[in-house]
Amino acid sequence: MVRAMHKQPEWKYITASVRTGNMVKENMGKATRFLLARRKYLAEMHSDSIILRDDFDSYHQQELNPAMWSECSNCEVGGHCGVIMHGNAATFCEPYGPRELTTTGLNTTTASVLQFSLGSGSCRFSYSDPSITVSYSKNSSADWTQLEKISAPSNISTIIHILYLPEDAKGENIHFQWKQDYVLAGDVYEACWALDNILIINAAHRKVVLEDNLDPVDTGNWLFFPGATVKHSCQSDGNSIYFHGTEGSEFNFATTRDVDLSMEDAQEQWTEEFESQPKGWDIFGAVIGTECGTLESGSAMVFLRDGERKICTPYMDTTGYGNLRFYFSMGGTCDSGESHENDVILYAKIEGRREHIPLDTLTYAAYKVPSLVSVVISPDLQTPATKFCLKQKSHQGLNRNVWAVDYFHVLPVLPSSVTHMIQFSINLGCGTYQPGNSVSLEFSTNHGRSWSLLHMECLPEICAGPHLPHSTIYASENYSGWNRITIPLPNAALTSDTRIRWRQTGPILGNMWAIDNS
880 MVRAMHKQPE WKYITASVRT GNMVKENMGK ATRFLLARRK YLAEMHSDSI ILRDDFDSYH
940 QQELNPAMWS ECSNCEVGGH CGVIMHGNAA TFCEPYGPRE LTTTGLNTTT ASVLQFSLGS
1000 GSCRFSYSDP SITVSYSKNS SADWTQLEKI SAPSNISTII HILYLPEDAK GENIHFQWKQ
1060 DYVLAGDVYE ACWALDNILI INAAHRKVVL EDNLDPVDTG NWLFFPGATV KHSCQSDGNS
1120 IYFHGTEGSE FNFATTRDVD LSMEDAQEQW TEEFESQPKG WDIFGAVIGT ECGTLESGSA
1180 MVFLRDGERK ICTPYMDTTG YGNLRFYFSM GGTCDSGESH ENDVILYAKI EGRREHIPLD
1240 TLTYAAYKVP SLVSVVISPD LQTPATKFCL KQKSHQGLNR NVWAVDYFHV LPVLPSSVTH
1300 MIQFSINLGC GTYQPGNSVS LEFSTNHGRS WSLLHMECLP EICAGPHLPH STIYASENYS
1360 GWNRITIPLP NAALTSDTRI RWRQTGPILG NMWAIDNS
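Below you can see the structure in the form of structure tokens.
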């Protein structure tokens, strides 16, 4: 990484390979050859990047690691239900008695989110089994506080859950527990469920550049990579991360940790800071003020009244826009949301069309601290007249389930001078013809809760927005050998918590691909 000096551009990289060029002031060295060849390193506790991570494949015996798990009632580690994400999982199939899994005491002072995968895999699922409650306790107390109640799996899909940790769940001796609610007397559990890839991220040491030459590997750069092995493959130069197409999972991807790619001087094309009543907006159920504290600066639009709570921008010419941003909070110093019924929906509407185009769901528990929301304005929304709206699903009345917004602003698709790049090499098929195989390069700015393509194609004859000749979907027809990719990062991805994902979007079985720094 080279920092900006005397008006020269600052270059920050998420790199799979870096070469010296005219725009780079020093050779950053041979960079990412990706990940690790031996999966045992994924189990980790209390490192600079990870507070807890367990893929249930890493302990030397096929059982729970006692350093991580203090209690397991009627669960076993293995492949009893097939693949949940990759390899083994913690499975719960005993029809009688309690089903629960509890961590040891963790220092979560600098934690951000709890992430885990839950599903029934190849085992039987149920429409009637009771829910699974995720809770935490402090200082080995017997009192548990609910984080989320999750329905037991009712189909074969695995779901990746992302739970934001409240301040109360952050401390020096915090336990987390997954526990299925009890069945009625005389009844039994009908189905199985399983947990895999459990992760608590340490937010204290965010990197501004990600590079890893595997010698030795820094496992803190990566979260998970189900379906892959790191080895010499596909005629790679040394190791590559290799997806062999035989995994029985619906997930084949590699994800980086969160990286700080925030901009110092964003070039807004339009702003609204709510220091006075804005003109041309549709606003219901709100007042301008500081009832919920300061979000970005000064006053905010606070939604605390009875009745409908909704805000819409005026219709805008968005043909030159690529990124909508605003600050959002729910709760904090105000009354917080209590369930997903209190969530706020972000959607777009194009003039002359009836439908609402959903963009994101701002969940009730994720924004107790004011946070920046960064959303892609996709090519289909780049029109002469598009507006953006936020609407709360429901609330319990005056001064209940309160939320606030501040500093709406929009940015172009790309910064005026490119400051952040990603480079990598990709091979789809590894020498064999595999029609239909494709990989999407995506990013997330909310710890993986939602994902967007890094770039979407915008051709002049079919798209009114800025011309972009290529999307970041790589198809086997065009990338059958090793191809070197260099891409500027869009404004929407330039936040303080951005992670990158390479995800296979075509059929998995029999379709091989690899990433390298060839």
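Under our numbering, the residue at position 123 of the sequence shown is numbered 1002, and the numbers go up by one with no gaps.
All C-beta atoms, glycine included, are put in the ideal place defined by N, C-alpha and C.
Among the options, the one whose alpha carbon lies nearest that of residue i
i	options	result
leucine 1260	Ile1236, Leu1347 and Asp1185	Ile1236
histidine 1274	Thr1298, Val1252 and Glu1220	Glu1220
histidine 1326	Gly1000, Leu1102, Thr982 and Ile1053	Leu1102
histidine 1054	Ala990, Leu1089 and Gln1114	Ala990
glutamate 1230	Leu997, Gly1099, Pro1263 and Ala922	Pro1263
serine 1208	Ser1176, Leu1251 and Ile1224	Leu1251
leucine 1183	Glu1069, Ser1218, Ile1341 and Lys1270	Lys1270
serine 1020	Pro1032, Asn1052, Asp1285 and Asp936	Asn1052
alanine 1245	Arg1328, Cys951, Gly1308 and Glu1170	Arg1328
aspartate 1075	Leu921, Val1087 and Gly1124	Leu921
leucine 1148	Ala1393, Leu1140, Asp1196 and Leu1373	Inspection of the sequence shows that residue 1148 is occupied by glutamine rather than by leucine. It is Asp1196.
tryptophan 1072	Met964, Ala1082, Asp933 and Ala946	Met964
phenylalanine 1163	Arg1363, Met1180 and Asn1370	Met1180
leucine 1225	Asp1239, Asp1214 and Gly1216	Asp1239
tyrosine 1286	Leu1241, Gln1114 and Glu1152	Glu1152
CB contact flag (residue i, residue j, <7 Å)
i	j	result
valine 1067	proline 974	yes
cysteine 1191	lysine 1266	yes
valine 1292	glycine 1172	no
serine 1030	tryptophan 1023	no
aspartate 1185	glycine 1050	no
leucine 1320	tryptophan 1361	no
isoleucine 1379	phenylalanine 1322	yes
tyrosine 996	alanine 1070	Going by the sequence as given, residue 996 is serine instead of tyrosine. Contact: no.
glutamine 941	glycine 966	no
leucine 993	isoleucine 930	no
histidine 1288	arginine 1188	no
histidine 1299	leucine 1140	yes
serine 1317	glycine 1385	yes
For residue i, three-class secondary structure by DSSP
i	result
glutamate 1220	helix
proline 1237	strand
proline 1367	strand
aspartate 1047	helix
leucine 1320	strand
aspartate 1395	strand
asparagine 1100	helix
aspartate 1066	coil
alanine 1245	coil
threonine 1377	strand
alanine 1372	helix
leucine 1078	strand
aspartate 933	strand
lysine 919	Bear in mind that a pLDDT of 40 at lysine 919, under 50, signals an unreliable position, so the number given afterwards is only what the model happens to contain. In the structure shown, lysine 919 sits in a helix (DSSP, three-state: H, G or I).
leucine 1174	coil
leucine 1338	coil
isoleucine 1035	coil
leucine 1388	coil
histidine 1040	strand
leucine 1333	coil
serine 1020	coil
Residues bridged to residue i (per DSSP)
i	result
alanine 1073	Thr970 and Gly998
valine 1289	Trp1149 and Leu1203
glutamine 1056	Thr981 and Ser1014
glutamate 950	Thr981
cysteine 1191	Asp1161 and Cys1268
threonine 1135	Trp1101
glutamine 1383	Val1318
leucine 1260	None, per the DSSP bridge assignment.
asparagine 944	Per DSSP, none; premise fails for asparagine 944.
alanine 1227	Ile1236 and Phe1267
asparagine 1362	Ile1305
alanine 990	Asn1081
serine 1115	For serine 1115, which the question treats as bridged, DSSP gives no partner whatsoever.
Where the beta strand (DSSP E) through residue i begins and ends
i	result
alanine 1165	1165 to 1168
glutamate 1027	1024 to 1029
isoleucine 1305	1299 to 1307
methionine 964	Counting along the chain, methionine 964 falls outside any beta strand (DSSP E), and DSSP gives it neither H nor E.
lysine 1110	1107 to 1110
glycine 957	955 to 957
alanine 1354	1352 to 1354
valine 1281	From DSSP, valine 1281 is part of no beta strand (DSSP E); its letter is neither H nor E.
valine 1182	According to the sequence provided, residue 1182 is phenylalanine. The question's valine does not apply to it. Residues 1179 to 1182.
tyrosine 1121	1119 to 1122
leucine 1140	Leucine 1140 -> no beta strand (DSSP E), and no H or E assigned at all.
leucine 1251	1250 to 1255
Residue i beta carbon near the ligand HEM (any heavy atom closer than 6 Å)
i	result
cysteine 1171	This structure lacks the ligand HEM, and indeed carries no ligand of any kind.
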